[in-house]
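What follows is one structure encoded as structure tokens, with my remarks underneath.
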Amino acid sequence: MRILILGGTTEASALAARLAGRPDFSPLLSMAGRTSDPRRAPIPTRIGGFGGVAGLAGFLREEGIEAVIDATHPFAAVMSQNAAEACAQTRVPLLALRRPAWTRRDGDRWTNVTSMEAAARALGDTPRRVFLTVGRLELAAFAAAPHHTYLVRSIEPIGDVLPVPNVMTIQDRAPFDEAAERALMERERIDVVVTKNSGGAATYPKIAAARSLGLPVIVVARPDKPPGVEEVASAEAALDWLERLHGRSP
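Position 107, counted from 1, in the sequence shown is what the numbering used here calls 109; the numbers after and before it change by one each time, with no gaps.
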């Protein structure tokens, strides 16, 4: 069974590991190519976009894809929409593998916002030391609040996408450790954390560290995903779906 996994997440990697070596499945992992040094996968991998809905639909037909797993990042709204439309056109079954969002716990000091622009505004007029963990591609919105001091963590160098007077950068990749996150925030005298509600365990330690330090966190909500797409929350559940689809139900 020929499977396309739209990846870039821990869940996509976990599913790829479970499919590796299975003679009844022929999986292909697709990565957007936004990271110059992605983690290697144990299954064949392609890098780059498809050229919109039409390009993806053509790829599904040409490659004989029989099922698509959308395991993209929760904030990859365009790719998820393209997958839904392309699969509807080609009548290829589609499953969304989406990790649950984080939820507020006792002690959390969250401000929920719906966009990066709203997050920048929520920082306020008083200069603050901001731990900015929203990804390199989202940084430009914070140029509208240049009076803050930013500590930016990203996988890739940020270049000149955040043209403000006071910005420091850390290049690092999840998973992170709560004790190390807490030490970082204390050392850098962080006043507030800004994050996407990405969900998952790999980057949650910053949320736990902020809670333990009593720091406020500005949380950017996830964008809407295409309606009507079946969803599961784990690689195991996605594999069960594929096995049922392939007629190999336990």
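Beta carbons: idealized from backbone N, C-alpha and C, even for Gly.
**Message:** At the level of alpha carbons, what is the spacing between A80 and L139?
**Reply:** The sequence given here places Val at residue 80; Ala does not occur at that position. Whole-angstrom Cα-Cα distance: 14 Å.
**Prompt:** Quick one: Cα of E183 to Cα of L31, how far?
**Reply:** About 31 Å.
**Prompt:** Among I220, R111, A86, which residue has its Cα nearest to the Cα of E232?
**Reply:** Checked all of I220, R111, A86; the closest Cα to E232 is A86.
**Request:** Could you tell me which residues DSSP pairs with N114 in its beta bridges?
**Result:** V221
**Request:** Measure the Cβ-Cβ separation of I220 and V55 and say whether it is below 8 Å.
**Result:** no
**Request:** Just confirm the distance between the C-beta atoms of F27 and I5, as a whole number of angstroms; I'd bet it's less than 8 Å.
**Result:** 6 Å
**Prompt:** Under 8 Å, do I160 and T171 count as touching if we go by C-beta distance?
**Reply:** Result yes, Cβ atoms of I160 and T171 sit closer than 8 Å.
**Message:** Which residue marks the beginning of the alpha helix (DSSP H) containing V231, and which one marks its end?
**Reply:** From DSSP, V231 is part of no alpha helix (DSSP H); its letter is neither H nor E.
**Message:** Residues in the same chain with beta-carbon distance under 8 Å from F178, minus the five sequence neighbours each way, listed in chain order, please.
**Reply:** Only A204, T205, P207, K208 meet the Cβ criterion.
**Message:** Excluding the 5 residues flanking P252 on each side, which residues of the same chain have their C-beta closer than 6 Å to its C-beta?
**Reply:** Caution is warranted here: a pLDDT of 43 is assigned to P252, below 50, making its placement in the model unreliable, and the coordinate value is therefore given only provisionally. Answer for P252: no residue qualifies.
**Request:** Evaluate H149 with the Cβ neighbour count: other Cβ atoms within 10 Å of its Cβ, from every protein chain shown; 16 or more gives buried, anything less gives exposed.
**Result:** When all chains shown are included, H149 counts as exposed.
**Request:** List the endpoints of the continuous alpha helix (DSSP H) containing F61.
**Result:** In this chain, the alpha helix (DSSP H) harbouring F61 covers 54-64.
**Request:** Determine, using beta carbons only, whether E180 and A143 come nearer to each other than 8 Å.
**Result:** no
**Message:** Taking the straight line between their C-alpha atoms, what separation do you get for P167 and E188?
**Reply:** For P167 and E188, the gap between their C-alpha atoms comes out near 22 Å.
**Prompt:** Residues in its own chain within less than 6 Å of L192 by CB, not counting five upstream and five downstream?
**Reply:** The sequence given here places Ile at residue 192; Leu does not occur at that position. So the list reads R131, F133, once near-sequence residues are dropped.
**Asked** For Q83 versus P228, is the C-beta spacing smaller than 8 Å?
**Response** yes
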